[in-house]
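If you read the protein sequences in the order shown, they are chains A and E.
Each residue of the first sequence is one higher than the last, beginning at 1 in our numbering.
Each residue of the second sequence is one higher than the last, beginning at 175 in our numbering.
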Amino acid sequence: MKKLGLAFDKVLEIAGIIPGIIIALLAVGVAAEVFARNFDMSGFYWMLEAVEYGLLLLTMLGTAYVLSIGRHVTVDLVVGGLPPGPKRWFRICINIFVVVVSAVIFWYGIVTAHQAFVEDSTLYKSFEIKEWWPASVVPVGMGLFLIEAIRQLWISIFHPEEATEVPSETNEVF
Amino acid sequence: MEWYWALIFLLGMVMIPMFLGVPVAIAFFGANVIGAMTFLGGEAGLIQLERNMVEGLVRFALAPVAMFILMGEILFHTGIAFRAIDAVDKLIAKVPGRLSLVAVAGGTVFSTLSGSSMANTALLGTTLMPEMQKRGYHRSMAMGPILGTGGIAMLIPPSSLAVLLGSLSGISIAGILIAGAIPGVIMAVVHFTYVMIRCKLNPTLAPAYDMPPMTVWERVRPVLIYVVPLLSLFGVVVGSILVGVATPTESASLGALGAVVAAACYRGLTWKGLWRAMVETGKLTVMIYFIIAASLTFSQILSFSGATTGLLSLMREIDPTPLSLIFGMMILMLVMGCFMDPVSIMLITLPFFIPIAEVIKIDLIWFGVLMLLALEIGQTTPPFGMLLFVMRGVAPPSITMKHIYAAVTPFVLLEIGILLFLVLVPEAVTWLPELMAG
Chain A
1 MKKLGLAFDK
11 VLEIAGIIPG
21 IIIALLAVGV
31 AAEVFARNFD
41 MSGFYWMLEA
51 VEYGLLLLTM
61 LGTAYVLSIG
71 RHVTVDLVVG
81 GLPPGPKRWF
91 RICINIFVVV
101 VSAVIFWYGI
111 VTAHQAFVED
121 STLYKSFEIK
131 EWWPASVVPV
141 GMGLFLIEAI
151 RQLWISIFHP
161 EEATEVPSET
171 NEVF
Chain E
175 MEWYWALIFL
185 LGMVMIPMFL
195 GVPVAIAFFG
205 ANVIGAMTFL
215 GGEAGLIQLE
225 RNMVEGLVRF
235 ALAPVAMFIL
245 MGEILFHTGI
255 AFRAIDAVDK
265 LIAKVPGRLS
275 LVAVAGGTVF
285 STLSGSSMAN
295 TALLGTTLMP
305 EMQKRGYHRS
315 MAMGPILGTG
325 GIAMLIPPSS
335 LAVLLGSLSG
345 ISIAGILIAG
355 AIPGVIMAVV
365 HFTYVMIRCK
375 LNPTLAPAYD
385 MPPMTVWERV
395 RPVLIYVVPL
405 LSLFGVVVGS
415 ILVGVATPTE
425 SASLGALGAV
435 VAAACYRGLT
445 WKGLWRAMVE
455 TGKLTVMIYF
465 IIAASLTFSQ
475 ILSFSGATTG
485 LLSLMREIDP
495 TPLSLIFGMM
505 ILMLVMGCFM
515 DPVSIMLITL
525 PFFIPIAEVI
535 KIDLIWFGVL
545 MLLALEIGQT
555 TPPFGMLLFV
565 MRGVAPPSIT
575 MKHIYAAVTP
585 FVLLEIGILL
595 FLVLVPEAVT
605 WLPELMAG
């Protein structure tokens, strides 16, 4: 089980690096397209559409990693002021909510991608792709997100001491 | 269901989980799932929700957000931004609230280099907060100016949101970019003055400390070396749009590459710095795009339920005079800004606001800048302003959202005052674009 956890951590780490690489490639690609266009060169007409699919890919691939490092935005108005006991139960409830919602998005992501696959529908702007390709990115990303959400729920129930807590080293000024 | 019940139901579905600590994006998704089941026809609605998510993210207009963040992160992780902020730091002598003033001035300079108010807030929060903390600054005087100034990036060109607004509304992008400059400077001056007065009246907010004696040349020289040449990045982004070499969306990519070139010229470019800039850009972008993906679908469900139309109809029924309509639109955006991101607000309101603005024959560039300012205020308005969460991300862990809300409130009130001024004095916005148009 521990090995599985470590392997998943590796997968998340890689998934966390990919968005930055995609953004850098998109920046270079768009700049190349601008230069090519202004110097009467063709061949990059597909770049802008590739950027659009890149935005989808980077968001869905990176979201589980961002959850794992606690960087998804939360409002700590209520939880922040609770004593440890109720805070633990609150965290469990929040994690259950996250698991349920991500499970629904994951499942209907599969249904939607499958539907697009069966219909064999295509998307076309500057180049043609099968609709199920981008549609599949959602269940892949949300699948990773769901696994991470389940892990955080597991930790909050059975190993609450390992749950991400606000560090105690508060400073005097703030 | 009546539109107002639909509005209360949907807003409740998103706001209650958010208040209870559910990640913002998941709270939106939760409301989307229930909203899709209720208003979009059950399972078919959920499939539509998935398609909307893909369509929402597959939009080239969103790309500048990532590119401008990359631009800011490159300047940040290669140390170039620190040198610029340090140069501004040396320029400002011993005055009340010195570091808060450095935040305002440095933030305004960085606004001309980064089109992202989030990058601006993150940079200033990371660079100046530890020093302010060390010097015993009160949190209201540490976080408030940073949050207030973070929003200036939305007005001073290049601004990713101005580009997005222009792209979505058909307003001249070059015009709206240029028109934002004077209101941005006005905002910086107002923040600067406020900090000085407040620190003068209550010196404990920003305790004075000794500084090594320096000549005027020693103060000015770093600015000439580290700030003035860096402003060529501003030229790359805005200039490429004005001369027609690149579209506004593409210019953001040129700016990101320009930041790499600038870092290389200053001998600050390292693989480590570049890698960290990429990874951090990835994290921040994913966080933002995930919320956008969720809130775009939420906006669509709001529209489909009739809540948006009902709300806008009500606003239009109040009074048909142009000034009151503009006030109504601004108030609506300010209210929406309390709980939604600027892109979603734009997407919901533009289809109604632009036709109304055309019917009442007001200057669209002026109206666009007013919208930008209202959206910018929304970014810092409690409880869900996006910049507040960016600050939460870079502030020490002990800082709660309550502290951040308290720190930003005076700056939000100042900015509402500036919005009022710009509504009543349109020339402050229209003068510069008219001058450039000849």
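Think of the CB as a built atom: it goes at the ideal place given N, C-alpha and C, for glycine as much as any other residue.
For K10(A), the closest alpha carbon among the candidates S102(A), G143(A) and Y65(A) is that of Y65(A). DSSP, reduced to helix, strand and coil, places K125(A) outside both helices and strands of the structure shown, so it counts as coil.
With a cutoff of 8 angstroms on beta-carbon distance, L561(E) and L593(E) are scored as not near each other. For the pair of segments examined, the stretch 101-109 of chain A was found not to touch the stretch 27-38 of chain A: the number of CB pairs separated by less than 8 angstroms stays below three. Under the DSSP assignment, D9(A) falls in the alpha helix (DSSP H) whose first and last residues are K2 to N38.
By the CB criterion at 8 angstroms, M292(E) and I248(E) fall outside the cutoff.
Contact annotation for M241(E) against chain A: I23, L26, A27 and V30 [CB-CB distance below 9 angstroms, chain order]. A straight-line Cα-Cα distance of about 7 angstroms links Y579(E) and P557(E). For F90(A), the residues of chain E that pass the 9 angstroms Cβ criterion are L194 and G195, in the order they occur in the chain.
Close partners of R71(A) in chain E (Cβ separation under 9 angstroms): K457, L458, V460, M461 and G567. Segment contact: the stretch 398-407 of chain E against the stretch 371-386 of chain E, fewer than three CB-CB distances shorter than 8 angstroms; contact not assigned. For P191(E), the C-beta contacts it makes with chain A under 7 angstroms involve F97, in order along the chain. At a beta-carbon threshold of 9 angstroms, the residues of chain E lying near A135(A) are E224, R225 and V228, ordered along the chain.
Using a CB distance cut-off of 8 angstroms, S427(E) counts as an interface residue toward chain A. Using a Cβ-Cβ cut-off of 9 angstroms, L338(E) is close to nothing in chain A; its nearest Cβ partner there is about 13 angstroms away. The closest CA to that of F90(A), considering only M192(E), G310(E), V390(E) and L298(E), is found on M192(E). Under DSSP, K130(A) shares a beta bridge with T122(A). Taking the Cα of S274(E) as reference, the smallest distance to any Cα among I200(E), L587(E) and K374(E) is reached at K374(E). DSSP places C512(E) outside both helix and strand once states are collapsed to three, so it counts as coil.
Rounded to whole angstroms, the separation of the alpha carbons of E532(E) and L538(E) is 8 angstroms. Where G186(E) is concerned, the enclosing alpha helix (DSSP H) starts and stops at W177 to F193. According to the DSSP assignment, A468(E) belongs to the alpha helix (DSSP H) that extends over W445 to S479. Here DSSP, grouped into helix, strand and coil, assigns I519(E) to helix. Counting every other CB atom within 10 Å of its CB across the protein chains shown gives H159(A) a total below 16, marking it as exposed. Proximity of chain E to G143(A) at the Cβ level (cut-off 8 angstroms) is not reached, the minimal Cβ distance being about 13 angstroms. The beta carbons of G354(E) and L546(E) sit closer together than 8 angstroms. In the structure shown, R91(A) falls within a helical segment according to DSSP collapsed to helix, strand and coil. Distance check between M361(E) and each of S285(E), P571(E), G349(E) and E392(E) places S285(E) closest, using alpha-carbon atoms only. Taking 8 angstroms as the CB threshold, P19(A) lines the interface with chain E. For E52(A), the nearest beta carbon of chain E is closer than 8 angstroms to its own beta carbon. In the DSSP assignment, F284(E) falls within the unbroken alpha helix (DSSP H) covering R272 to S285. In terms of Cβ geometry, A199(E) and V51(A) do not form a close pair [threshold 8 angstroms].
For the pair L598(E) and A235(E), the Cα-to-Cα distance works out to about 31 angstroms. Within chain A, the residues F97 and V101 have their CB atoms less than 7 angstroms from the CB of G204(E), given in chain order.
In terms of CA proximity to S425(E), L338(E) leads the group I500(E), P319(E), L338(E) and I590(E).
Excluding the 5 residues flanking it on each side, L606(E) has same chain C-beta neighbours closer than 7 angstroms at I352, A353, A355 and I356, in chain order.
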